[in-house]
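Participant: Counting from 9, one number per residue, gives the positions in the sequence shown under the working numbering.
From the three backbone atoms N, C-alpha and C, an ideal C-beta is built for every residue, glycine too.
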Amino acid sequence: MSQNPGSSFSLIDHTADLGFEVLADSLPKLMEEAAKALFSIIADLDNVKEDKHLRIEMPTESPEENLRYWLEELLFRFNSADTLFSKFTVSEEDNHFVGTAGGELFDPKRHTIHTEIKGITYHQFEVSETDDGWRATIILDV
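1. Taking the Cβ atom as the reference point for each residue, do residue 150 and residue 112 lie within a distance shorter than 8 Å?
2. So which of 84, 64 and 95 has the shortest CA-CA distance to residue 153?
3. Return the Cβ separation of residue 122 and residue 64 in integer angstroms, given the expectation that the two are a contact with Cβ distance under 8 Å.
4. Reducing DSSP to helix, strand and coil, say where residue 118 ends up.
5. If contacts are defined as beta-carbon pairs under 8 Å, then residue 147 and residue 54 qualify, I think. What distance do you get, rounded to the angstrom?
6. Which word fits residue 70, buried or exposed, when buried means at least 16 other C-beta atoms lie within 10 angstroms of its C-beta?
7. Find the nearest neighbour of residue 139 within the set 34, 28 and 16, judged by alpha-carbon distance.
8. On the DSSP letters alone, give me the boundaries of the beta strand (DSSP E) that residue 57 sits inside.
9. With respect to the alpha helix (DSSP H) encompassing residue 48, which residues constitute its N-terminal and C-terminal limits?
10. With H, G and I counted as helix, E and B as strand and the rest as coil, what does DSSP make of residue 9?
11. Within the same chain, show all residues whose beta-carbon is closer than 6 Å to that of residue 59, passing over the 5 residues directly before and after it, in chain order.
12. For residue 118, collect the residues of the same chain with a Cβ closer than 8 Å to its Cβ; drop the 5 residues on either side in sequence, then sort them by chain order.
13. Using a Cβ-Cβ cutoff of less than 6 Å, which residues in the same chain neighbour residue 11 once the five nearest sequence positions on both sides are dropped?
14. Does the region 88 to 108 come close enough to the region 130 to 144 that 3 or more CB-CB pairs lie under 8 Å?
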């Protein structure tokens with residue numbers, strides 16, 4: 009379980025894939041914590057420096073579509089550019105969300121890959137506002 013104030017994530021059992029649930033007190037924090045969970049599943053983030061920064065603008069108003077776009081874009085950048093990310097910030101600017109990810113190129117001498125993630129599934133993907141903030145359930149194709 010993550011120890012960030014105001015947010016958390018936990019792994020959930022799933023038959024064929026791997027899933028996690030994220031809780032946060034705001035939608036931007038939910039998106040940050042979901043990205044951290046995704047990359048924590050992929051690799052140990054303790055040794056990842058912040059040499060590179062990526063800015064991602066989310067083009068929709070839907071919380072589900074924004075979260076999916078954010079995670080898919082980060083996963084695409086990992087798979088296509090071998091960039092591991094470890095630091096995530098999301099903010100709302102001009103009625104849309106903008107995310108920034110900090111990381112570095114994958115170095116097999118310093119980084120260990122735990123799980124290969126093929127994609128974010130649509131199955132059971134859910135984002136909802138709760139009395140305490142926001143909740144998301146995300147299932148990964150591994």
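Facilitator: Walking through what the data contain:
1. Judged by their CB atoms, residue 150 and residue 112 are not nearer to each other than the 8 Å cut-off.
2. No answer is possible for residue 153: it lies beyond the span of the chain, which begins at 9 and ends at 150.
3. Between residue 122 and residue 64, the beta carbon gap of about 23 Å keeps them out of contact (Cβ cut-off 8 Å).
4. Residue state, collapsed to three classes: coil.
5. Not a contact, Cβ separation roughly 26 Å.
6. Classification of residue 70: exposed, given that the 10 Å Cβ count is below 16.
7. Residue 139 has its Cα closest to that of 34, out of 34, 28 and 16.
8. Note, residue 57: premise wrong, no beta strand (DSSP E); not H, not E.
9. That run of the alpha helix (DSSP H) goes 35 to 50.
10. Model confidence at residue 9 stands at a pLDDT of 46, short of 50, so the residue's coordinates are unreliable and nothing is read from them.
11. 112, listed in sequence order.
12. Within the same chain, residue 118 has close Cβ partners 55.
13. In this prediction, residue 11 scores a pLDDT of 49, lower than 50, which makes its location untrustworthy; the coordinate-derived value is nonetheless stated afterwards. Its chain contains no residue whose beta carbon lies nearer than 6 Å to that of residue 11 once the 5 sequence neighbours on both sides are disregarded.
14. Counting Cβ pairs under 8 Å, fewer than three are found: no touch.
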